[in-house]
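Worksheet: the structure to be examined is printed underneath.
Number of protein chains: 2
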Amino acid sequence: MLTETGRESAFSKADNEPRQKEPIASDALARAVQRMGAAKWFSRNAEIYGEGEPADCFYQVLSGTVRAYKILIDGRRQIGAFYLPGDMFGLEAGEKHIFSAEAVTNAEVLVIRRKTLTALAASDIEVAHRLWIHTGNELRRARNHLLLINKSAPERVATFLLEMAERIGSIDEIKLAMSRQDIADYLGLTIETVSRMLTRFESASTIALPSCKRIVLRNRAVLKRLVA
Amino acid sequence: MLTETGRESAFSKADNEPRQKEPIASDALARAVQRMGAAKWFSRNAEIYGEGEPADCFYQVLSGTVRAYKILIDGRRQIGAFYLPGDMFGLEAGEKHIFSAEAVTNAEVLVIRRKTLTALAASDIEVAHRLWIHTGNELRRARNHLLLINKSAPERVATFLLEMAERIGSIDEIKLAMSRQDIADYLGLTIETVSRMLTRFESASTIALPSCKRIVLRNRAVLKRLVA
DNA sequence: CGACCATTTGATATGGATCAAGCGATGTGG
DNA sequence: CCACATCGCTTGATCCATATCAAATGGTCG
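Same order as they appear, the protein sequences are chains D and B.
Counting in the numbering used here, the first sequence runs from 769 upward without gaps.
Counting in the numbering used here, the second sequence runs from 769 upward without gaps.
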């Protein structure tokens with residue numbers, strides 16, 4: 769059954785938020801991580817691992833938000849994914865990390881050694897299967913992200929808002945953990961463009977912006993039509 | 769104990785050749801596909817599977833080239849990947865295909881039922897492992913593709929040329945199976961822009977264009993610097 | 001209150017899209 | 001074998017969405 773080691777403390781100490789309903793996954797893989805992983809704290813902007821380092825560990829977010837990114841030669845930064853509580857990351861069958869990972873906010877993360885996991889997978893077919901499913905989900909996300917990057921700026925921002933709302937499980941209001949720069953680097957836009965799109969949506973009463981990190985979706989239909 | 773070996777590379781000489789002489793790939797998964805798969809011919813532009821259809825089969829290209837793509841609501845087409853001889857595709861842990869697949873050229877493809885493969889994976893840990901590796905490789909490709917899409921047009925085209933040269937294993941000359949439209953849809957550009965970049969490279973003697981499908985890389989250093 | 005950083009807003013520049021010919025292959029029927 | 005249609009590619013002219021540059025505003029923390 770679900771082992772929730774460290775969960776309560778995670779929730780009370782997370783700088784960020786009261787948590788949603790049931791974010792922590794409970795499949796064989798997640799259970800293994802929760803049983804055998806060690807909780808570790810990362811403060812805002814701390815590096816969890818760096819690009820090119822050997823991928824020795826697998827992670828699950830307990831609280832806070834994590835970004836996976838890559839710095840391009842011209843200095844730009846492409847964020848490949850945000851990981852929220854319950855999400856697992858850091859191990860995709862490769863020897864080395866191709867992205868770096870950092871805490872967006874103070875975050876508590878479960879860490880489990882790769883060896884531990886692969887040893888388990890060798891004997892437990894369900895864990896092996898779950899690892900595959902996990903990578904498959906990452907792949908689906910990456911492909912959706914790819915599709916996103918070719919769209920117009922309003923479409924990208926609308927997609928981001930809906931994606932975040934769904935993942936946070938919130939009804940209407942999203943509390944964003946990340947800065948405009950993070951959003952811009954995720955969407956392949958500039959902060960100015962992200963900001964402009966948000967104010968444009970606000971002017972159209974599609975969203976409201978009580979503060980720059982809180983966004984209220986007032987008219988999802990309009991956003992969904994954009995995403996289409 | 770599981771061991772991760774690097775990605776298997778698909779080595780082919782020219783994708784026009786009807787057949788590979790050598791065994792195409794030789795890991796446990798590829799061997800299973802080659803032993804139990806049925807060869808099937810698809811003529812140019814024939815559909816192999818459609819988006820949304822149940823992902824019942826797994827495929828390996830024997831000859832020719834295949835594209836995986838998605839049509840967006842606005843009618844644009846995003847090509848997610850090209851598959852060359854030796855490459856496997858069509859099964860990534862999901863129940864349904866999220867892309868469609870078509871033959872770019874006349875192509876021979878091995879087809880194996882998903883059930884056959886998952887049954888095998890349940891008893892053969894090595895096959896299960898290779899399935900994971902395969903999805904991991906697809907993920908790495910998708911992430912590289914994502915990075916690509918944010919770059920400038922010259923960078924994208926240069927990246928495409930180098931990628932193709934490497935995958936085809938050609939020294940200097942690439943024989944492209946795909947049209948300019950295919951390239952454009954892969955890179956998120958228009959055919960006009962792709963064409964202009966190619967002629968620009970040609971003017972700079974970075975490449976030569978003996979015919980529109982044959983491209984000679986005359987100065988890889990320049991291309992690599994662009995990709996950086 | 002004042003300094004600092006993030007965000008918004010405004011003005012201008014530009015890379016690639018779009019619109020529009022032209023050109024060069026490939027194929028077909030006479 | 002040629003005339004001609006067709007299709008894919010290249011080239012040119014213009015437009016527009018977003019980047020870039022610059023400044024103002026707002027929010028946070030000492």
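Even for Gly, the Cβ is constructed at its ideal location relative to N, Cα and C.
In this text, all values refer to a predicted model and were calculated from it rather than measured experimentally.
Considering only W809(B), I942(B) and Y837(B), the residue with the shortest C-alpha distance to L830(B) is W809(B). At least 9 Å separates the beta-carbon of V872(D) from that of Y827(D). In the three-state reduction of the DSSP assignment, P853(D) falls in the coil class.
DSSP, read as helix, strand or coil, puts G858(D) in coil. Under the three-pair Cβ rule at 8 Å, the segment 975-993 of chain D does not count as touching the segment 880-897 of chain D.
Nearest C-alpha to D940(D) among T974(D), M946(D), Y954(D) and I917(D): T974(D). With a contact defined as Cβ atoms closer than 8 Å, A921(B) and L957(B) qualify at about 6 Å. Chain D places a beta carbon closer than 9 Å to that of A890(B), counting this residue as a contact. For R968(D), same chain residues with a beta-carbon under 8 Å away, outside a window of 5 residues either side, are P922 in chain order. In the structure shown, V895(D) adopts helical secondary structure according to DSSP, grouped into three states.
Of all residues in the segment 901-927 of chain B, the ones placed with a Cβ closer than 7 Å to any Cβ belonging to chain D are I901, T903, G904, E906, L907, R908, A910, R911, H913, L914, L915, I917 and N918, in chain order. In the three-state DSSP reduction, F867(B) falls in the coil class, being neither helix nor strand. For K838(B), the residues of chain D that pass the 7 Å Cβ criterion are L915, in the order they occur in the chain. Here A823(D) is near R882(D), since their CB atoms are less than 9 Å apart.
In this model, I893(B) and F857(B) are separated by some 20 Å (Cα to Cα). For A800(D), the uninterrupted alpha helix (DSSP H) run begins and ends at A796 to M804, by DSSP.
Closer than 8 Å at the C-beta level to chain B, one finds no residue of the segment 810-833 of chain D. Separation of the CB atoms of A933(D) and I942(D) is rounded to 5 Å, and the pair is thereby assigned contact status at 8 Å.
Looking at the DSSP output, Q949(D) sits in no beta bridge, so it has no partner there. Shown in chain order are the members of the segment 952-983 of chain B whose Cβ falls below 7 Å from a Cβ of chain D: G956.
Among the residues facing chain B, I880(D) is not included, as its CB has no counterpart in that chain under 9 Å away. A Cβ-Cβ distance of about 16 Å is found for the pair E860(D) and R835(D), leaving them out of contact under the 8 Å criterion. Rounded to whole angstroms, D950(B) and V925(D) show a C-alpha spacing of 27 Å. Not one beta carbon of chain D lies nearer than 9 Å to the beta carbon of G854(B).
One alpha carbon belongs to G832(B), the other to I816(B), and they sit about 13 Å apart.
Note that the segment 900-912 of chain B touches the segment 900-908 of chain D; at least 3 beta-carbon pairs, one per stretch, sit closer than 8 Å. When the beta-carbon positions are compared, I839(B) and E819(B) come within less than 9 Å of each other.
Annotation: P978(B) is outside any alpha helix (DSSP H); the continuous beta strand (DSSP E) that includes it extends over I975 to S979. According to DSSP, residue pairing for Y827(D) in a beta bridge involves F857(D) and V879(D). Among the residues of the segment 859-881 of chain B, those with a Cβ less than 7 Å away from any Cβ of chain D are E860, A861, G862 and I866, in the order of the chain.
Where R835(B) is concerned, the enclosing beta strand (DSSP E) starts and stops at V834 to I839. The criterion of a C-beta distance shorter than 9 Å is not satisfied by I866(B) and Y954(B).
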